[in-house]
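Following: one structure in structure tokens, then a few remarks.
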Amino acid sequence: MLTEAILLLGPTGAGKSPLGDQIEKNGIKGKKCFHFDFGHELRSIAELKLPPDGFQENDLFFIRDVLEKGLLLENEHFHVAEKIVRYFLRRNEFREDTVLILNGLPRHADQARDMSGIVSVRSLVVLDCSPEEVYRRIEQNTGGDRTNRSDDTVDMISRKLEIFKARTAPLIEYYSNRDADIIKIRITETSTPENSYEAFIASYLGSPF
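As structure tokens, then:
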């Protein structure tokens, strides 16, 4: 049986991680939620001296390279992403009424197809935030999640925004064509995680989850 999931989608700095943390903390309609933050998982694994169960040393080197260069995992490397997802699922207790909150994976259509063998994405939460507001949010650390981020240089942010527009934003159409609920939340430079969670819950009341 596939794990039921909600995918958070938005450009870097829009507040996906703080929103995911809020959903995990408060739950949805009484259901327990686990927030899978792909970036956080990558950084946590990259800091390990020894590869965790199911990983090899080459996987650690690859993950560190991905973080340093701000790359997306392509088809030939999805096996690494799958290891990370399954490692997360093993560490948490998932039941039939548990909801997985995906953040940062999948990031393009090929990954979405590969992920369909692991999870069933029933809803897509789109954080709509302009590039100008992204820069201001990151500069002000509005979401409270940008401390000590080595990937928050202007060049790296610009690169991430370009990749998001070209490869990740099309996932909205991808999942819409597969009958997933599309929930859009407007994000400004002052939107807090609490604001985003309230907007999400208000829009989610009609969801079949």
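The sequence shown begins at 9 in the numbering used here and counts up one residue at a time.
Every residue, glycine too, gets a C-beta built ideally from N, C-alpha and C.
On a predicted model such as this, the values are computed, not experimentally measured, just so you know.
- Of the candidates H87, L56, R115 and Y95, the residue whose Cα lies closest to the Cα of A174 is R115.
- By the criterion of a C-beta distance shorter than 7 Å, D118 is surrounded in its chain by N83, once the five residues flanking it on both sides are discounted.
- Of G21, R72, T20 and L135, the smallest CA-CA separation from Y205 is found for L135.
- Only residues of its own chain outside the window of five on either side were considered, and among them P60 and G62 have a CB closer than 7 Å to the CB of Y95, listed in chain order.
- Between I14 and I109, the C-beta gap is smaller than 8 Å, which places the two residues in contact.
- For I165, the enclosing alpha helix (DSSP H) covers residues V162 to I171.
- The region 76 to 113 contains, as complete alpha helix (DSSP H) runs of 4+ residues, the segments 86 to 99 (chain order).
- Only residues of its own chain outside the window of five on either side were considered, and among them K40 have a CB closer than 6 Å to the CB of T106, listed in chain order.
- Using a Cβ-Cβ distance cut-off of 8 Å, the region 43 to 51 and the region 135 to 150 are not in contact, since fewer than three pairs of beta carbons, one from each stretch, lie closer than that value.
- If you check the CB distance, L58 and A89 do not come in under 8 Å.
- Non-local beta-carbon contacts of S211 in its own chain, meaning distances under 6 Å to residues more than five positions away in sequence, involve I191 in chain order.
- Short of 6 Å from the beta carbon of G35, and not among the five residues preceding or following it, lie these beta carbons of its own chain, in chain order: C41.
- The alpha carbon of I165 has as its nearest neighbour, out of P19, T11 and L10, the alpha carbon of P19.
- Per the DSSP secondary-structure output, H43 pairs in a beta bridge with I109.
- Exclusion of the five residues before and after V74 leaves L50 and L81 as the residues of its chain whose Cβ lies within less than 7 Å of its Cβ.
- Restricting attention to I71, E141, L56 and F44, the CA atom closest to the CA of S199 is found in E141.
- Cβ-Cβ distances below 6 Å link F172 to P19 in the same chain, with the five nearest sequence neighbours on each side left out; the list follows chain order.
- Its chain contains L68 as the residues whose beta carbon lies nearer than 8 Å to that of L56, once the 5 sequence neighbours on both sides are disregarded; these appear in chain order.
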